[in-house]
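Okay, structure first, notes after.
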Amino acid sequence: MTERAPRDPLDAPAWLRGLLIAAAVLVLLVLLVAPLAMVLGAAFAKGIGVWWAALREPDARAALRLTLFTAAIVIPVNAVFGLFTAWAVTRFEFRGKRVLLSLIDLPFAVSPVVAGLCLVLLFGAHGWFADWLAAHDLKILFARPGIVLATLFVTFPFVARELIPLMQQQGADEELAARSLGAGAWTMFRKVTLPNIKWGLLYGVLLCSARAMGEFGAVSVVSGHIRGLTNTLPLHIEILYNEFDSTAAFAVASLLAGLALVTLVVKFWLEARHPEALARTHRRPS
Amino acid sequence: MPAPSLSLPARVAVRRRAPLPGLGLSLGLGLAWLGVVVLLPLAALAVRAAGLGPAGWLHALRDPRVRAALELSFSASLLAALIASLAGALVAWVVVRYRFPGRRLLDALVDLPFALPTAVAGISLTALYSANGWIGRWLAPYGIKVAYTPTGIVIALVFIGIPFAVRTLQPVLETLGREPEEAAASLGAGRFTTLRRVVLPELLPALLTGFALAFARAVGEYGSVIFIAGNLPYKTEIAPLLITIRLEEYDYDGAIAIAALLLVASFVCLLAINLVAARVTHGGRDD
Numbered sequence: 000m001t002e003r004a005p006r007d008p009l010d011a012p013a014w015l016r017g018l019l020i021a022a023a024v025l026v027l028l029v030l031l032v033a034p035l036a037m038v039l040g041a042a043f044a045k046g047i048g049v050w051w052a053a054l055r056e057p058d059a060r061a062a063l064r065l066t067l068f069t070a071a072i073v074i075p076v077n078a079v080f081g082l083f084t085a086w087a088v089t090r091f092e093f094r095g096k097r098v099l100l101s102l103i104d105l106p107f108a109v110s111p112v113v114a115g116l117c118l119v120l121l122f123g124a125h126g127w128f129a130d131w132l133a134a135h136d137l138k139i140l141f142a143r144p145g146i147v148l149a150t151l152f153v154t155f156p157f158v159a160r161e162l163i164p165l166m167q168q169q170g171a172d173e174e175l176a177a178r179s180l181g182a183g184a185w186t187m188f189r190k191v192t193l194p195n196i197k198w199g200l201l202y203g204v205l206l207c208s209a210r211a212m213g214e215f216g217a218v219s220v221v222s223g224h225i226r227g228l229t230n231t232l233p234l235h236i237e238i239l240y241n242e243f244d245s246t247a248a249f250a251v252a253s254l255l256a257g258l259a260l261v262t263l264v265v266k267f268w269l270e271a272r273h274p275e276a277l278a279r280t281h282r283r284p285s
Numbered sequence: 000m001p002a003p004s005l006s007l008p009a010r011v012a013v014r015r016r017a018p019l020p021g022l023g024l025s026l027g028l029g030l031a032w033l034g035v036v037v038l039l040p041l042a043a044l045a046v047r048a049a050g051l052g053p054a055g056w057l058h059a060l061r062d063p064r065v066r067a068a069l070e071l072s073f074s075a076s077l078l079a080a081l082i083a084s085l086a087g088a089l090v091a092w093v094v095v096r097y098r099f100p101g102r103r104l105l106d107a108l109v110d111l112p113f114a115l116p117t118a119v120a121g122i123s124l125t126a127l128y129s130a131n132g133w134i135g136r137w138l139a140p141y142g143i144k145v146a147y148t149p150t151g152i153v154i155a156l157v158f159i160g161i162p163f164a165v166r167t168l169q170p171v172l173e174t175l176g177r178e179p180e181e182a183a184a185s186l187g188a189g190r191f192t193t194l195r196r197v198v199l200p201e202l203l204p205a206l207l208t209g210f211a212l213a214f215a216r217a218v219g220e221y222g223s224v225i226f227i228a229g230n231l232p233y234k235t236e237i238a239p240l241l242i243t244i245r246l247e248e249y250d251y252d253g254a255i256a257i258a259a260l261l262l263v264a265s266f267v268c269l270l271a272i273n274l275v276a277a278r279v280t281h282g283g284r285d286d
């Protein structure tokens, strides 16, 4: 993308260009910026004291703890398995690779509610594993393991999808060189692969975090909505909102909106500082 | 960072002597994890859906409430994916082709719906478009109601769908060279003719892919819709919500039937996307 010389015959006339830019800005202002501003505006509508009180409330704190607990399991697990999958897919040829790539994308296309229902069919009272779970006195549904599993399902593709195009672009030359110089597998990974992909990995992890902490549909089906026990932050927002406590709902929502903003700022920064670090032109949206 | 350039024979030799490690480990772990976390749960749904039998399916699909919900979900998603594609094409075009202050900020904003949790988007859109909200109060005097109507559902789905449209179109626009357009212009084609006969055909696969992604996401969307929808049976009740209602009623078969249909819709969308990708690759323009 280079700056164009002025008076380019392919460029639209100035008035048309201005009109299109204004239209695009307006579309994004109304559709995307307004909802974000609304969250922050409503969260602080009654002052910062009310906002803080809503976050200090015991149920909100329990929800925050559960959300962080879930994220603390889901994010590292997804990062590790995303790395392994991306390595296999981008560094080797094997039969069924295209199928595997489609399967990795599957959770993007499946409704979160359907994902939740699938877990109910596995672990619910009449599910495939119901007898086994009962015999071992284990509880997955309406408890923390169910929430973790649902979140793992919906965030499955995030890290892999960020790394695969990046690693494809970079190719294996540097890694092959390291191997030819006698580097062991771990040394090669630590000294060559990881430095090359670290920014892409960071962005994948951030997207995964935002989704893991914000997941609503799948978690809603498996959580059982037990206040203070199995409510995550998004579920807590729903409860507050349905109880017409919208200031508190927006206060909790502003936490998650803040996380979303951090994600965008980091990406903005990465694209400016390390333009080669994200596989921009090949990336498919998550 | 520049990759060290190895001459071809050297690279071949290297590959023979010291291949990259970890195929078995990485592929094995990746497949096992995919199987446990994603495929096993989906298999449970597929098996249970097959077990419903013709009678169970007929019973589930004859329910007018189910049909109303499916009709609403599919029609609202189609409309929303269409609007998102048009708006997304506009934004992608402006961001790629023009230089203006704030362009990169605009570009970064497009990812917001990916990062903002759906429940947060849901309550926020509802507050914006309710009769006394920031946007709703300007529409109310004209008798336009958005919140708690199908219009509201479409707006929430457009919000969700826009980044899919922009982000699939953007890379194609960026790699589209100027030469074909210049050639068309030099042969005397007007700007509009050039766009229609030269640019549009190049963009069509990406446009279709973005549309299919936005549609697939919209059909299954839950969090951002249920707050603004109002959720009146037969009127503003979407299919994913009806799944949760059936589950709460312990009507597992009813929930399974709707879920299986949504799953099939997702598969069809993914298949369509792969077909478009395969055709583009076949034409020698793999990106």
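In order, the protein sequences belong to chains A and B. Just so we're aligned, residue 0 is where the first sequence starts under numbering that gives the first Met the number 0, counting upward by one. Just so we're aligned, residue 0 is where the second sequence starts under numbering that gives the first Met the number 0, counting upward by one. Built from N, CA and C at the ideal position, the CB exists for glycine as well. These numbers were taken from a predicted model, which means no experiment stands behind them.
* Asked: If you draw a straight line from the alpha carbon of alanine 256 of chain B to that of alanine 86 of chain B, how long is it in whole angstroms?
  -> What you label residue 256 of chain B is simply residue 257 of the second sequence in a count that begins at 1. What you label residue 86 of chain B is simply residue 87 of the second sequence in a count that begins at 1. Taking the straight line from one Cα to the other gives about 34 Å.
* Asked: Which residues, taken in chain order from the segment 19-34 of chain B, show a beta carbon closer than 8 Å to some beta carbon of chain A?
  -> Leu19, Pro20, Gly21, Leu22, Leu24, Ser25, Leu26, Leu28, Gly29, Leu30, Trp32, Leu33
* With DSSP run on the structure shown, which of helix, strand or coil describes lysine 197 of chain A? -> The residue you call residue 197 of chain A lines up with position 198 of the first sequence. Helix, per DSSP.
* Hey, how far is the Cα of leucine 274 of chain B from the Cα of threonine 208 of chain B? -> For the purposes of this step, residue 274 of chain B is identified with residue 275 of the second sequence, where counting begins at 1. For the purposes of this step, residue 208 of chain B is identified with residue 209 of the second sequence, where counting begins at 1. Approximately 10 Å, taken between the alpha carbons.
* To do: Kindly provide the ranges of any alpha helix (DSSP H) runs that are 4 or more residues long and lie completely inside the segment 37-81 of chain B, ordered along the chain.
  => 39-49, 52-61
* Asked: Just to check, is the beta-carbon of arginine 143 of chain A closer than 7 Å to a non-hydrogen atom of the ligand FAD?
  -> The ligand FAD is not part of the structure shown, which contains no ligands of any sort.
* Asked: Is the shortest distance between the beta-carbon of phenylalanine 243 of chain A and the beta-carbons of chain B less than 8 Å?
  -> On the first sequence, residue 243 of chain A is found 244 positions in, with the first residue counted as 1. So, not an interface residue.
* Beta carbon of alanine 217 of chain B, beta carbon of alanine 88 of chain B: below 8 Å? -> As a working mapping, residue 217 of chain B is identified with position 218 in the second sequence. As a working mapping, residue 88 of chain B is identified with position 89 in the second sequence. Cβ atoms of alanine 217 of chain B and alanine 88 of chain B: not closer than 8 Å.
* To do: Leaving out five residues on either side along the sequence, give the residues of the same chain with a beta carbon under 8 Å from the beta carbon of serine 208 of chain A.
  => Working through the first sequence from its first residue, we reach residue 208 of chain A at position 209. Ala70, Ile74, Leu258, Thr262, listed in sequence order.
* Which chain A residues are close to valine 37 of chain B, counting only those with a beta carbon under 8 Å from its beta carbon? -> Here residue 37 of chain B corresponds to residue number 38 of the second sequence, with the count starting at 1. By Cβ distance, chain A contributes Leu102, Leu105, Pro106, Phe152, Phe155.
* To do: Determine the direct distance from the alpha carbon of arginine 64 of chain A to that of tyrosine 105 of chain B, and round the result to whole angstroms.
  => By 1-based counting over the second sequence, the position of residue 105 of chain B is 106. By 1-based counting over the first sequence, the position of residue 64 of chain A is 65. The question names tyrosine, but residue 105 of chain B in the sequence shown is leucine. Whole-angstrom Cα-Cα distance: 34 Å.
* What separation, rounded to the nearest whole angstrom, lies between the Cα atoms of proline 232 of chain B and alanine 45 of chain B? -> Translated into the one-based positions of the second sequence, residue 232 of chain B becomes position 233. Translated into the one-based positions of the second sequence, residue 45 of chain B becomes position 46. Using only the alpha carbons, I get a separation of about 27 Å.
* Asked: Who are the near neighbours of histidine 273 of chain A in its chain, counting only those whose CB is closer than 6 Å to its CB and skipping five residues on each side?
  -> Working through the first sequence from its first residue, we reach residue 273 of chain A at position 274. The answer, listed in chain order, is Trp198.
* How do the segment 108-118 of chain B and the segment 20-37 of chain A stand: do at least 3 beta-carbon pairs fall below 8 Å, yes or no? -> Short answer: they touch.
* To do: Determine the contact status of tyrosine 221 of chain B and leucine 246 of chain B, defining contact as a CB-CB distance below 8 Å.
  => The residue labelled residue 221 of chain B in the question sits at position 222 within the second sequence. The residue labelled residue 246 of chain B in the question sits at position 247 within the second sequence. No, the pair does not count as a contact, with Cβ atoms beyond the cut-off.
* Asked: So is valine 220 of chain A buried or exposed if we call it buried at 16+ other beta carbons inside 10 Å?
  -> On the first sequence, position 221 is the one that residue 220 of chain A refers to. That one is buried.
* Asked: Is glycine 219 of chain B near serine 265 of chain B, with beta carbons less than 8 Å apart?
  -> Counted from its first residue, the second sequence places residue 219 of chain B at position 220. Counted from its first residue, the second sequence places residue 265 of chain B at position 266. Cβ atoms of glycine 219 of chain B and serine 265 of chain B: closer than 8 Å.
* Asked: If you measure from the beta carbon of isoleucine 312 of chain B to each beta carbon in chain A, is any gap under 8 Å?
  -> In this structure chain B extends from 0 to 286, so residue 312 of chain B is not present and cannot be described.
* So does the segment 157-174 of chain B actually touch the segment 191-208 of chain B, counting three or more Cβ pairs closer than 8 Å? -> The segment 157-174 of chain B vs the segment 191-208 of chain B: in contact.
* Candidates A:Val109, A:Ile20, A:Glu214, of which the one nearest leucine 67 of chain A by Cα -> To locate residue 67 of chain A, count along the first sequence from 1; it is residue 68. Cα-wise, what sits closest to leucine 67 of chain A is A:Glu214.
* List the residues of chain A whose Cβ lies closer than 7 Å to the Cβ of aspartate 110 of chain B, in chain order. => Numbered from its first residue, the second sequence carries residue 110 of chain B at position 111. Near aspartate 110 of chain B (Cβ distances below 7 Å), the residues of chain A are Leu263, Lys266.
* Consider the Cβ of tyrosine 240 of chain A: report whether some Cβ of chain B lies at a distance smaller than 8 Å. => For this step, residue 240 of chain A is matched to residue 241 along the first sequence. At least one chain B Cβ lies under 8 Å of tyrosine 240 of chain A.
* Asked: At a Cβ cut of 8 Å, what residues of the segment 204-222 of chain B count as close to chain A, listed as they run along the chain?
  -> Leu212, Ala215, Arg216, Val218, Gly219, Glu220, Tyr221, Gly222
* Taking C-beta pairs closer than 9 Å, name the residues in chain B that phenylalanine 68 of chain A reaches, listed in chain order. => Start at 1 with the first residue of the first sequence, and residue 68 of chain A comes out as number 69. Those within 9 Å of phenylalanine 68 of chain A in chain B number zero; the least Cβ separation is about 17 Å.
* For glycine 145 of chain A, which of A:Met166, A:Gly216, A:Phe83 has the nearest alpha-carbon? -> By 1-based counting over the first sequence, the position of residue 145 of chain A is 146. Per the Cα distances, A:Gly216.
* Asked: Among B:Ala107, B:Ala271, B:Thr192, which has the Cα closest to the Cα of lysine 266 of chain A?
  -> Within the first sequence, residue 266 of chain A is the residue found at index 267, counting from 1. With distances taken between Cα atoms, lysine 266 of chain A lies closest to B:Ala107.
* Under 8 Å between the Cβ atoms of glycine 251 of chain A and isoleucine 242 of chain B? -> As a position in the first sequence, residue 251 of chain A is number 252, starting the count at 1. As a position in the second sequence, residue 242 of chain B is number 243, starting the count at 1. Residue identity check: residue 251 of chain A is valine in the sequence provided, not glycine. When the beta-carbon positions are compared, valine 251 of chain A and isoleucine 242 of chain B stay at least 8 Å from each other.
* So, is the C-beta of leucine 65 of chain A closer than 8 Å to a C-beta in chain B? -> Here residue 65 of chain A is taken as the residue at index 66 of the first sequence, counted from 1. Chain B, which has no Cβ nearer than 8 Å to the Cβ of leucine 65 of chain A, makes this no.
* Is the shortest distance between the beta-carbon of asparagine 273 of chain B and the beta-carbons of chain A less than 8 Å? -> Along the second sequence, read from residue 1 onward, the residue named residue 273 of chain B stands at position 274. Output row for asparagine 273 of chain B: interface = yes.
* Taking the continuous alpha helix (DSSP H) assigned at threonine 66 of chain A, which residues delimit it? -> By 1-based counting over the first sequence, the position of residue 66 of chain A is 67. Per DSSP, threonine 66 of chain A belongs to the alpha helix (DSSP H) from 57-90.
* To do: Could you pull out every unbroken alpha helix (DSSP H) segment of at least 4 residues lying fully inside the segment 116-172 of chain A, listed in chain order?
  => Counting whole runs of 4 or more residues, the segment 116-172 of chain A contains the alpha helix (DSSP H) stretches 129-134, 143-154, 156-169.
* To do: Would you verify that the beta carbon of alanine 4 of chain A is, or is not, closer than 8 Å to some beta carbon of chain B?
  => By 1-based counting over the first sequence, the position of residue 4 of chain A is 5. Because alanine 4 of chain A carries a pLDDT of 48, less than 50, the predicted location of this residue cannot be relied on, and the following value inherits that uncertainty. Not one chain B Cβ lies under 8 Å of alanine 4 of chain A.
* Of the choices A:Leu201, A:Glu237, A:Leu234, A:Ala149, whose alpha-carbon is the least far from that of glutamate 270 of chain A? -> Position 271 of the first sequence holds residue 270 of chain A. Nearest to glutamate 270 of chain A by C-alpha distance, out of A:Leu201, A:Glu237, A:Leu234, A:Ala149, is A:Leu201.
* Give the range of the alpha helix (DSSP H) segment to which aspartate 104 of chain A is assigned. => For the purposes of this step, residue 104 of chain A is identified with residue 105 of the first sequence, where counting begins at 1. From DSSP, the alpha helix (DSSP H) with aspartate 104 of chain A extends over 96-108.
* Asked: How big is the Cα-Cα spacing for valine 49 of chain A and serine 84 of chain B?
  -> Along the first sequence, one-based indexing puts residue 49 of chain A at 50. Along the second sequence, one-based indexing puts residue 84 of chain B at 85. Their Cα atoms are separated by approximately 40 Å.
* Buried or exposed: which applies to serine 74 of chain B, given that a residue is buried once 16 or more other Cβ atoms fall within 10 Å of its Cβ? -> As a working note, residue 74 of chain B is residue 75 in the second sequence. With fewer than 16 other Cβ atoms within 10 Å, it is exposed.
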